Each structure stands twice: as C-alpha cells, then as structure tokens.
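Data block below; observations after.
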Amino acid sequence: MNHVTSETFDANAKVALADSQLRGALRNATSLFGQRRLAAAQSLTNWEDLRTQARAIKDEVLLHLDQYLERFVSNAESRGAQFHWARDAAEANSIICNLAKERGAHTIVKSKSMTTEETHLNHALEAAGMEVVETDLGEYIIQLAEETPSHIIVPAIHKTKGQIAELFTQELGIPPTDDVAKLTSTAREKLRDRFAAAEIGISGVNFGIAETGTILILENEGNIRLTTSLPRVHIAVMGIEKLLPRFADLDVFLKLLPRSGTGQRLTTYQSFITGTKTDPGAEGPEELHLVMLDNGRSRMLSHPVTRQSLACIRCGACLNACPVYQQIGGHAYGSVYPGPIGAVITPQLMGLEKTRQLPYASSLCGACREVCPVKIDIPRLLLHLRGEITEKAPPAKGHAGERLAFKVWRATMKRQWLYELSARVARLFQGLLVKNGKIGRVKGLSPLSAWTDGRDLRPIESQSFRELWRKELVHKKN
Ligand code: SF4
C-alpha cells in the first residue's frame, strides 16, 4: 500500500488487514523487537529511574527551549557550523536545494532521517535535478521500491526477505537469491560508488547538545559515518526540539534509545560532530550546515498537554507495542510518522481537518505509554486530540438503536439488582451467539453488529465478580 493519505485511514486499515503477507511480516518483526526491548530493559536495574530522568531532562529543555537553542547555536557556530531556520517543510527544502545548487551538486547521499521524510526533501531535490541516494539499507530498499517508510526505525519492516530479493533482481539486475549476505553486499557495492561521487551528504540528528554545540547521530551500518565525512559539505536537518542541555545527559539517553529501539545495549556507531574540521588535512566536511525545522513544533510547545509530544526520541518502541500498528503497519496512517506517536504528531503537524481519523486509531490500551522511554502519555494526548475534534465538529447523534442501548445501559448500571438480573439473562441467551469461545460477528442486531464488526467479544463469565466475592466471604466465615 502506498500513496495513501491520513484522510482515508479507516479504508487504508481495511486494505492492510486483508494483506496476510504484510501482517505476517509485521507480526514477526514487531514481536522480535518487543522481546529484544524487554530483555534489554531488564538488563538494567534502574530502567524506571532512567525513564524518569529522561523525561525530566526533556521537560527542562522544552520549558526553556529558547535558551537552550541560543546556547546550542552559539557553541556550534563558534566551531564553524552554519545555521538555517525553517518555519515549515517548504522553507527547509528550499534552503537545502539552494545550498546544493550554489555548490553545483549533482549527487547527494542521504542517511536515514525522519525529519527529511517529514519535509519530503527527496522530491524537492529530485525536482531540482539532483540525484538523491538513500544509504541506509532499509531506506535504500524503500527508495528502490518507490515507497515510503512504514516504521520510524525499520523503514522496510513491512517487506519479507522474498520481496526484497525480487526487488533487487528487478531493480539491480542480480540473479535471484534470498541469501541475505549477498543482498547486503550488492547494496553496499552500489552505494560505495555513490558515496565517492557525492558532493553533499545529508543526515538527520538524534541529539543536539546545547553545552558543546555537538550533534550526535546513531546507526548500525556505518553509512552515516560516510555520509557525514566523505562529501565536502554536510547538511544536518533537525527538529528544534532535539536538544539536550548537557553532554552528560547522553548517559541517560544512550542507555534508553538503543535498548528501546532495537534492543541493543548501544548502536554500532555513534557519530559525534562538533563543527567543521579545523585542520585542512583532517577527515570530515569543510562545511557543516544545520537546518533547524519548526514545522508546527512551536504550536505543540505552546500547550502543556501537547508539549510532551516533543519529548519523543523516535525510538519506535510504541509502534512495536501497539496492537493496531501490529496489524496494519505504517502505510495505513498515510504519514511518515505512523503508530501511536504518529497518531499524535501527524494531526499536530498537518492539522486535524485532514487527519481526524488518526486519534481514533487506538484502543487506548496504554501499551505505548508502558514502553515509552520518555514516559509520553500517548493515550492522554489521543484523548486531548479527540476532544479537540469533538469541540470543532460535534459528532452526529448516532444510530437510534445505539442511543436506546446506551439509555438501557445507563439505567442498568445505576441499579444493582437490574445489573445482576441482566447479566444472568445475557448468560442464558449468549449461547446462541458464542462460537469457539467467543462472540464473533453478529449480523443484523444493531448496535451489537457494529461492535462485533471489527472485534470479537468475550462471553460473559459463568459467575460474576460479585458472586465470586460473596462465595469467598461465606467460605471465610465458615
Ligand atoms: S513516543 Fe516514546 S516510544 Fe514512541 S517513538 Fe517516541 S520515544 Fe519512542
């Protein structure tokens, strides 16, 4: 599924649900990452303390973002970095296209960057006549397939090994093989050539350190090292919220991010970049440009509830834990940011008019909040956005049967005797609907049919909690 929008999320989700290959690939990958994350988190005895500290650090940055930005800029500029401020995606793309044009660039290598996905930078550079090559293996696969990433840290999570092998045969002309080592070495060979040709390297940023003006980029493949050191010019694109106050704060975030993302203790490479090279004979680019993107972040910052969305460190753990994402993957969200955090960020970036279905793409089970290394209360944010939607356009009164059902439900819940009686009656008759231990799709019995259209219901237990409790009391007395 590709080229879909957030406006049609419900329909996109239905298409994704019917794709058994997609669901198989998602099930394998999300459960593997979930297990790895859990094991990695359990390897630290102070995991919860780290989460609390990380959130406090991000809150501190967000509350004083203006001051930390000034400090970051001043320290990075003093080491040779040049800053560019972009109010929105179009401005960021135009700044980068101009930098590339002024330097006569033909080939640009890129490392994985969600921020440039957010601005659709590749389209802008290609429209300006430049060749753009994604160098992260997952992003390279996606670029060959002319798709968009479906996960924040695993862009090709939706693809099986067989699909990737087929793609490489079609696009790179290699004999059919599903040998992962062969596929990887083919990509490496093609990319080395592009690294050598590129005049500009573009990267994202994981963290900017206000105290030193350093940027840190994490990776496992070594392609970021090459992207940021081989070409003469390095352009790093970062959201204005990506700051940490002090270098020492990395101690907390480097324990949390790799563990939450891939279940690793640490990524294979950590590139710390502070300004440009001072010695012409040293390695590294001659120019370092930092493009600071707002694109709606100031708006999020201004509200105490939505502000916490900016604490996100893009680890992807909430996607792997989300029962909705696990079934439909990322493309159905119609946004570069899918899953629970995407359902929160996308409406704030793009406006609720075009994304009003996304805050409802959640059962509010809280799995995302449980795993989030910076303790973002995503369910609360989703409810906040739902509240905004309802305030702007109150929903229609609903089906007459549904209204009647809720009236009956309210009256029942207010009277204990009626509640107990109705449970007994329901227990007697539910046998007509229960199959294989569950109540599946019920046709023609509104509103029950609407409820069971997308979910199974558990049958009512043979004894209620009250009945069990009463028995327990009697047992204890005797
Ligand atoms: S919301 Fe939390 S769990 Fe989800 S990507 Fe951001 S930091 Fe990770």
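The sequence shown lines up with residues 1311 to 1788 when you count with my numbering. The C-beta atom is built at its ideal place from N, Cα and C for all residues, glycine as well. Keep in mind the model is a prediction, meaning the values are calculated, not measured.
Considering residue 1538, what are the terminal residues of the alpha helix (DSSP H) in which it resides? Here the alpha helix (DSSP H) through residue 1538 covers 1533-1539.
Regarding residue 1455 and the ligand SF4, is the C-beta to nearest heavy atom distance less than 7 Å? The beta carbon of residue 1455 sits no closer than 7 Å to any heavy atom of the ligand SF4.
Nearest to residue 1517 (by Cα), restricted to the options 1613, 1559 and 1484: That would be 1559, whose Cα lies nearest to the Cα of residue 1517.
Just list the residues that DSSP pairs residue 1547 with in beta bridges. Within the DSSP bridge table, the entry for residue 1547 names 1601 as partners.
Does the segment 1571-1588 touch the segment 1341-1358, meaning 3 or more C-beta pairs lie closer than 8 Å? Flag = yes, the segment 1341-1358 and the segment 1571-1588 touch.
Taking 7 Å as the line, does the beta carbon of residue 1627 fall inside it for any heavy atom of the ligand SF4? Flag set: Cβ of residue 1627 near the ligand SF4.
What residues are listed by DSSP as bridge partners for residue 1396? According to DSSP, which records beta bridges pairwise, residue 1396 is partnered with 1603.
Would you be able to state if there are at least three C-beta pairs under 8 Å between the segment 1412-1432 and the segment 1503-1514? Output reads yes: the segment 1412-1432 touches the segment 1503-1514.
For the ligand SF4, is there a heavy atom less than 7 Å away from the beta-carbon of residue 1570? Checking the Cβ of residue 1570 against the ligand SF4 gives yes.
By a C-beta neighbour count over all protein chains shown, 10 Å radius and 16 as the cutoff for buried, is residue 1795 buried or exposed? Nothing about residue 1795 can be read from this structure; the chain reaches only from 1311 to 1788.
Roughly how many angstroms lie between the CA atoms of residue 1504 and residue 1407, to the nearest whole one? C-alpha separation (whole angstroms): 19 Å.
Write down every uninterrupted run of the beta strand (DSSP E) in the segment 1595-1678 whose length is 3 residues or greater and which is fully enclosed by it, in chain order. When DSSP assignments are scanned along the segment 1595-1678, the uninterrupted stretches of beta strand (DSSP E) that are 3 or more residues long and fall wholly within it turn out to be 1597-1603.
Report buried or exposed for residue 1464, applying the criterion of at least 16 other Cβ atoms within 10 angstroms of its Cβ. With 16 or more other Cβ atoms within 10 Å, it is buried.
Helix, strand or coil, according to DSSP, for residue 1518 in the structure here? In the structure shown, residue 1518 sits in a strand (DSSP, three-state: E or B).
Tell me whether residue 1543, by its Cβ, gets closer than 7 Å to a heavy atom of the ligand SF4. Relative to the ligand SF4, even the nearest heavy atom lies 7 Å or more away from the CB of residue 1543.
Closer than 7 Å to a non-hydrogen atom of the ligand SF4 - does that hold for the CB of residue 1255? Residue 1255 lies beyond the stretch modelled for the chain, which goes from 1311 to 1788, so this question has no answer here.
Which same chain residues end up closer than 7 Å to residue 1632 when comparing Cβ atoms and leaving out the 5 residues on each side of it in sequence? Apart from sequence neighbours up to five positions away, the residues of its chain that approach residue 1632 with a beta-carbon distance below 7 Å are 1649, 1650, 1677 and 1678, ordered along the chain.
Shorter than 7 Å, the distance from the beta carbon of residue 1361 to the closest heavy atom of the ligand SF4, or not? No.
How would you write the range of the beta strand (DSSP E) that residue 1442 sits in, first residue to last? It spans 1441-1444 - the beta strand (DSSP E) in which residue 1442 sits, taken as one unbroken run.
Going by the beta-carbon positions, is the gap between residue 1509 and residue 1389 smaller than 8 Å? No, they are not a contact pair.
Residue 1332 and residue 1639 closer than 8 Å at C-beta: Yes, the pair counts as a contact, with Cβ atoms nearer than the cut-off.
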